[in-house]
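A.B. asks: In UniProt numbering, the protein residues as written are 1 to 251. This is the structure, below, for whatever I ask next.
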Ligand code: F6R
């Protein structure tokens, strides 16, 4: 196990300010290094961040034309054209709206016949790109990062995982019916995520407060996958006041 580092916290008033802060981190990274390798997340939380990035590109203040991206995860069995696939999410919110080179935007292939091999190939692609410079993460209310659910190990790599009932219920809001939510996903592992040179996690809203508190202050444990981030030397959690609300009591 690596040494324990203090996770840097940036607590802002609300979701809008958190989104602006995270967009700012990505803008800074890409301006400094236009050929940056970015790790990206989906879900509800980063939607506004992506809108702000699109606005920057449209205003001519930023270009992603040389950037390479790797998304954290994709559902198993959803075709890229499926509206709830993460391929479709990224296309409609970011890749199709800004000047990305489609040859350099990557997501795990949840439709591969051999998913284990697809996971290995994804790891190799990340390595060939020189590793991830800046990884953006959201946070599950159960402490997952990517789809590394409770029980995920520190040495895990891109692989197929079973989603927990809690995650299926949380993500049902994006589907017509709960039964439509895929039960498995292909996700980067904890080891994959920890290899990124810098990590920025965004969490907003009261529903994330307990997971934030346990990730930041709790013991490093598989039952709280986000707690593994304590082992990374360059992690920032960007939180709104609601998500940070349980941190004060033991500060
Ligand atoms: C998404 C992902 C997940 C989400 C998490 C939070 O690619 O890997 O870990 O970040 O489930 O989702 P939201 O933002 O919808 O609360």
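The beta-carbon is built from N, C-alpha and C at its ideal position, and this holds for glycine as well. Note that the structure is a prediction, hence the values are computed from the model and not measured.
Could you tell me if the beta carbon of residue 105 falls within a distance shorter than 6 Å of some heavy atom in ligand 1?
C.D. replies: Checking every heavy atom of ligand 1 against the Cβ of residue 105, none is found closer than 6 Å.
A.B. asks: Buried or exposed: residue 148, going by 16 or more other Cβ atoms within 10 Å of its Cβ?
C.D. replies: With 16 or more Cβ atoms within 10 Å of its Cβ, residue 148 is classed as buried.
A.B. asks: Identify the continuous beta strand (DSSP E) that holds residue 76 and give its terminal residues.
C.D. replies: No beta strand (DSSP E) contains residue 76, which DSSP labels as neither H nor E.
A.B. asks: How big is the Cα-Cα spacing for residue 183 and residue 76?
C.D. replies: Taking the straight line joining both Cα atoms gives about 8 Å.
A.B. asks: Taking only the alpha-carbon atoms, compute the straight-line gap between residue 14 and residue 159 and give it to the nearest angstrom.
C.D. replies: Roughly 34 Å separates the two Cα atoms.
A.B. asks: Roughly how many angstroms lie between the CA atoms of residue 99 and residue 43, to the nearest whole one?
C.D. replies: Taking the straight line from one Cα to the other gives about 22 Å.
A.B. asks: Quick one: residues in its chain with C-beta nearer than 6 Å to the C-beta of residue 253, no 5 flanking neighbours on either side, listed in chain order?
C.D. replies: Summary: the structure shown does not reach residue 253, with the chain confined to residues 1 through 251, and so no result is reported for it.
A.B. asks: Helix, strand or coil for residue 184, going by three-state DSSP, please let me know.
C.D. replies: Residue 184: strand per DSSP, three-state reduction.
A.B. asks: Is residue 196 buried or exposed, if buried means 16 or more other CB atoms sit within 10 Å of its CB?
C.D. replies: Residue 196 comes out buried.
A.B. asks: Skipping 5 residues on each side, what residues in its chain have a beta carbon closer than 7 Å to that of residue 57?
C.D. replies: Taken in chain order, the residues that qualify are 63, 64, 98, 99.
A.B. asks: Would you decide whether residue 219 is buried or exposed? Buried here means 16 or more other CB atoms lie within 10 Å of its CB.
C.D. replies: Per the 10 Å Cβ criterion, exposed.
A.B. asks: Is residue 72 near ligand 1, going by C-beta to nearest heavy atom under 6 Å?
C.D. replies: It does: the Cβ of residue 72 is within 6 Å (strictly closer) of some heavy atom of ligand 1.
A.B. asks: Taking the straight line between their C-alpha atoms, what separation do you get for residue 237 and residue 123?
C.D. replies: Roughly 25 Å separates the two Cα atoms.
A.B. asks: Return helix, strand or coil for residue 1, following the three-state DSSP convention.
C.D. replies: With a pLDDT of only 46 at residue 1, under 50, the local geometry of the prediction cannot be trusted, and the value read off the model is given with reservation. Here residue 1 sits in coil by DSSP.
A.B. asks: Any heavy atom of ligand 1 closer than 6 Å to the beta-carbon of residue 87?
C.D. replies: Not under cutoff, so the answer is no.
A.B. asks: Once you ignore the five residues that flank residue 175 on each side, which residues in its own chain have a CB closer than 7 Å to its CB?
C.D. replies: 84, 181, listed in sequence order.
A.B. asks: Mind reading off the beta-carbon distance from residue 145 to residue 139? Whole number of angstroms is fine, and I expect it under 8 Å.
C.D. replies: With a Cβ gap of about 7 Å, residue 145 and residue 139 count as contacting.
A.B. asks: Do residue 72 and residue 224 have their C-beta atoms within less than 7 Å of each other?
C.D. replies: No, they are not a contact pair.
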